[in-house]
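Chemist: Right, I'll just put the structure down here and ask away after.
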Amino acid sequence: MAKYSDEEIRKMSKITCKIAADYLGVSSMAVSFGMREEKLPIGFAVHNKDRYTDSWSYNIVPERLIAYNHGKISEVQVEGIERNLETIIQEFKTMKDDLSFLLRGKED
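Number 1165 in my numbering belongs to position 25 of the sequence shown; there are no gaps in the numbering.
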């Protein structure tokens, strides 16, 4: 098992589940299942499901991985951040819809 330093992790353009697993000292299956179940707050697991495929993609954020490894990030903190981001995104969507409505009204 290769062990990566924090600086090596920061410099990587793409962190795979295998790299994250080696860094954390766990199996790559533990990383992928942890991310799928939203129990491992080091990034995002996206379920790609269409007519022909059923797969998962993983986006591991270097700073989240490092913080988690050093015990500086908790699932509660991440949930709060993500909840706030969802609120902000929803507010922007509402503003976009309002602006679209106003612009359509001016064209009439």
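Cβ coordinates follow ideal geometry from the N, Cα and C atoms, glycine included.
Check whether the Cβ atoms of SER1167 and ALA1161 sit closer than 8 Å, and answer yes or no.
Modeler: Taking the sequence shown and counting its residues from 1, the one referred to as residue 1167 is at position 27. Taking the sequence shown and counting its residues from 1, the one referred to as residue 1161 is at position 21. Their beta carbons are under 8 Å apart, which means SER1167 touches ALA1161 by this criterion.
Chemist: Measuring alpha carbon to alpha carbon, tell me which of ILE1182, GLY1211, PHE1173, GLY1245 ends up nearest PHE1199.
Modeler: Here residue 1199 is taken as the residue at index 59 of the sequence shown, counted from 1. It is worth fixing the name first, because residue 1199 is Asn in this sequence and not Phe. The residue with the shortest Cα to Cα distance from ASN1199 is ILE1182.
Chemist: Nearest by alpha-carbon distance to ARG1150: which of TYR1192, ASP1238, GLU1203, VAL1171 is it?
Modeler: To locate residue 1150, count along the sequence shown from 1; it is residue 10. Residue GLU1203 is the option with its Cα nearest to ARG1150.
Chemist: Check this for me: beta carbons of TYR1163 and TYR1144, under 8 Å apart or not?
Modeler: The residue you call residue 1163 lines up with position 23 of the sequence shown. The residue you call residue 1144 lines up with position 4 of the sequence shown. Against a cut-off of 8 Å, the Cβ pair of TYR1144 and TYR1163 comes out as a contact.
Chemist: Sort out for me which residues DSSP pairs TYR1198 with in a bridge.
Modeler: In the sequence shown, residue 1198 corresponds to position 58, counting from 1. TYR1198 is bridged to ALA1185.
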